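Structure, as structure tokens:
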Amino acid sequence: MTRSADGDESSAAPDPLAPDPRVRAARPTDADRIRELQGFLRQPNPDLLEYGLAVGSALVSVADGRTVGYLLPVDAPNRPGVHLAELVVDPDHRREGRASGLLSAVIADANGPVTLQAHPDNEGALALYDGLGFEVVDRRTDAYADGDALVLRRE
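Its first residue numbered 168, the sequence shown is counted upward by one per residue in our numbering.
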């Protein structure tokens, strides 16, 4: 419940794009934990992760001083916007708003559209992306070893 200036209470939902204090830029000391978390992905890209760690583009979500999630944005130098290459939250810390916090940080800093891809069966992720204003714009046949990928975009 929140209270307005005139004292009335409301059950307004929190802003899903508000900054999350649990999110920060990844540090070199986060690298080993991020590599562990990458194992939860359907199709990890270790080389891309190492590049992201080297250039400092990764963001992390932290609980009690421990990295429990990360997002790897990839900028395209020849066009505006950013592609979200990897996003994962430790299963023990899911449903705590951590993926929303990571996504919101990238959306706030994006200088154009934000894109990502997701498996069509990942209903939780698709609901999250929909709630943050992403729309399905394409389907990539056989993008994953076990099927297609949906391409989502947020302007």
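Here a beta-carbon is modelled for each residue, glycine too, at the ideal position from N, C-alpha and C. These figures come from a predicted structure and were not determined experimentally.
Measuring CB to CB, does Arg320 end up less than 7 Å from Val304? As a position in the sequence shown, residue 320 is number 153, starting the count at 1. As a position in the sequence shown, residue 304 is number 137, starting the count at 1. Against a cut-off of 7 Å, the Cβ pair of Val304 and Arg320 comes out as a contact.
Of the choices Asp231, Val255, Gln284, Arg233, whose alpha-carbon is the least far from that of Asp297? Against the sequence shown, residue 297 aligns to sequence position 130. Comparing Cα-Cα distances from Asp297 to each of Asp231, Val255, Gln284, Arg233, the minimum goes to Gln284.
Just how far apart, CA to CA, sit His250 and Phe301? Reading the sequence shown from its first residue, position 83 is the one you call residue 250. Reading the sequence shown from its first residue, position 134 is the one you call residue 301. About 12 Å.
Report whether the distance from the Cβ of His260 to the nearest heavy atom of the ligand NAP is below 6 Å. Absence of the ligand NAP from the depicted structure is noted, as is the absence of any ligand whatsoever, leaving it without description.
Alpha carbon of Thr234 to alpha carbon of Arg306, nearest angstrom: Numbered from 1 along the sequence shown, position 67 holds the residue referred to as residue 234. Numbered from 1 along the sequence shown, position 139 holds the residue referred to as residue 306. Going from the Cα of Thr234 to the Cα of Arg306 covers about 32 Å.
Secondary structure, alpha helix (DSSP H): runs of 4+ residues fully inside the region 210-251: 213-222
Spell out the partners DSSP gives Leu317 in its beta bridges. Translated into positions along the sequence shown, residue 317 becomes position 150. Its beta-bridge partners are Ala285, Arg306.
Are Val256 and Gly232 closer than 7 Å when you measure CB to CB? As a working mapping, residue 256 is identified with position 89 in the sequence shown. As a working mapping, residue 232 is identified with position 65 in the sequence shown. The answer is no: Cβ separation not under 7 Å.
Buried or exposed, going by whether 16 or more other CB atoms sit within 10 Å of the CB of Gly314? Sequence index remark: in the sequence shown, residue 314 carries index 147 (1-based). It is exposed - the Cβ of Gly314 has fewer than 16 other Cβ atoms within 10 Å.
Could you spell out the range, first to last residue, of the beta strand (DSSP E) harbouring Ala192? Here residue 192 refers to the residue found at position 25 of the sequence shown. Unbroken beta strand (DSSP E) run through Ala192: 190-192.
If we call anything under 7 Å between Cβ atoms a contact, is Gly268 one with Val190? Counting from one through the sequence shown, the residue named residue 268 turns up at place 101. Counting from one through the sequence shown, the residue named residue 190 turns up at place 23. Closer than 7 Å, so yes.
Burial state of Pro247 (16 or more Cβ within 10 Å): Position 80 of the sequence shown, counted from the start, is the residue given in the question as residue 247. Pro247 is exposed by the Cβ-count criterion.
Within the continuous alpha helix (DSSP H) that includes Ala292, where are the two ends? Residue 292 sits at position 125 when you count from the first residue of the sequence shown. Ala292 -> alpha helix (DSSP H) spans 290-298.
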